[in-house]
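Just below is one structure, and these are the notes that go with it.
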Amino acid sequence: MNNEDLVAELLRWNYVKSERVKEAFLAVDRKNFIPEKYRDKAYYDDPLPIGYNQTISAPSMVATMLELLEIEEKDKILEIGTGSGYNACLLAALGERVITIERIPQLRDFAKKNMEKCEYREKVLVLLGDGSEGYEAEAPYDKIIVTCGAPDIPDSLIKQLKDGGRLVIPVGGTFFQELYVVEKEGEKIKKRVWGDVAFVPMIGKHGHRWA
Ligand code: SAM
Numbered sequence: 116m117n118n119e120d121l122v123a124e125l126l127r128w129n130y131v132k133s134e135r136v137k138e139a140f141l142a143v144d145r146k147n148f149i150p151e152k153y154r155d156k157a158y159y160d161d162p163l164p165i166g167y168n169q170t171i172s173a174p175s176m177v178a179t180m181l182e183l184l185e186i187e188e189k190d191k192i193l194e195i196g197t198g199s200g201y202n203a204c205l206l207a208a209l210g211e212r213v214i215t216i217e218r219i220p221q222l223r224d225f226a227k228k229n230m231e232k233c234e235y236r237e238k239v240l241v242l243l244g245d246g247s248e249g250y251e252a253e254a255p256y257d258k259i260i261v262t263c264g265a266p267d268i269p270d271s272l273i274k275q276l277k278d279g280g281r282l283v284i285p286v287g288g289t290f291f292q293e294l295y296v297v298e299k300e301g302e303k304i305k306k307r308v309w310g311d312v313a314f315v316p317m318i319g320k321h322g323h324r325w326a
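Numbering (our numbering), first residue to last: 116 to 326.
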């Protein structure tokens, strides 16, 4: 199997729906974001360990979230949970600028190293810190994506979203959550649940307190 086979499967099962998301998946090879030990499984639709009790999400989950975000070329995007850097590179293939935050220093380094092979790396700023507070310095954002499970939708993230912006976030417990799509329309916040998901927990001030 290769990356093109993976994209073909994502299309076949309708996880990838749009031409733009398809092109992004073709441009970013998942193998470059997988630890050596699991590289033979890079093109399976499975989450895989990346160390420190964290995972790179299954490609179908990544595709679902990217389609829900409806990213446009000029978008500035905030990602909470850099992990391997795979999703950050896909975001960079779709938008204009990406700020991604990781709380574990070794994973921040892992992602930066993996991203050396990403042709869109110049568009990505990788930060170390508690992403549950967002990143005020570059706000507001057109799109925010959270790739770890939060107990609630942090106010900080809503505040940092542009009017007309969109946030995709898993909300719930430390094992299972519901995936929310949140839209900001002036003072109004529209929320809908896409479905059930399972992410590692968001740990931080507006996240869970323990791993
Ligand atoms: N997007 C990643 C990728 O493409 O590989 C996968 C992310 S992994 C499922 C979730 C990540 O969120 C982990 O790396 C974890 O350390 C990180 N995380 C958890 N709480 C966080 C927080 N408060 N701020 C930033 N990152 C956090």
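Ideal Cβ positions, reconstructed from N, Cα and C, are used throughout, including at glycine.
When D120, Y159, G166 and I186 are compared against E134, the one with the closest alpha-carbon: I186
Compute the distance between the beta-carbons of K258 and R223, then report whether it is under 7 Å. no
Would you mind sorting F332 into buried or exposed? The rule is 16 or more other CB atoms within 10 Å of its CB. Lying before the first or after the last residue shown, residue 332 is absent from the chain, which here runs from 116 to 326.
What number of angstroms, rounded off, separates the C-alpha of V136 from the C-alpha of M116? 20 Å
In this structure, how does DSSP classify R324 when only helix, strand and coil are distinguished? coil
Under a Cβ-count criterion, where at least 16 other Cβ atoms within 10 Å of its own Cβ denotes burial, should E194 be classed as buried or exposed? buried
Can you list, in chain order, the residues of its chain with a C-beta nearer than 8 Å to that of K277? Leave out the 5 residues immediately preceding and following it. P255, Y256, D257 and K299
For Q275, count neighbouring C-beta atoms within 10 Å of its own C-beta (all shown protein chains included) and say buried if the count is 16 or more, exposed if not. buried
Quick check on T289: does DSSP put it in helix, strand or coil? coil
Stretch pair the stretch 118-132 + the stretch 141-158: three plus CB contacts closer than 8 Å: Output reads yes: the stretch 141-158 touches the stretch 118-132.
Helix, strand or coil: which one does DSSP assign to R212? strand
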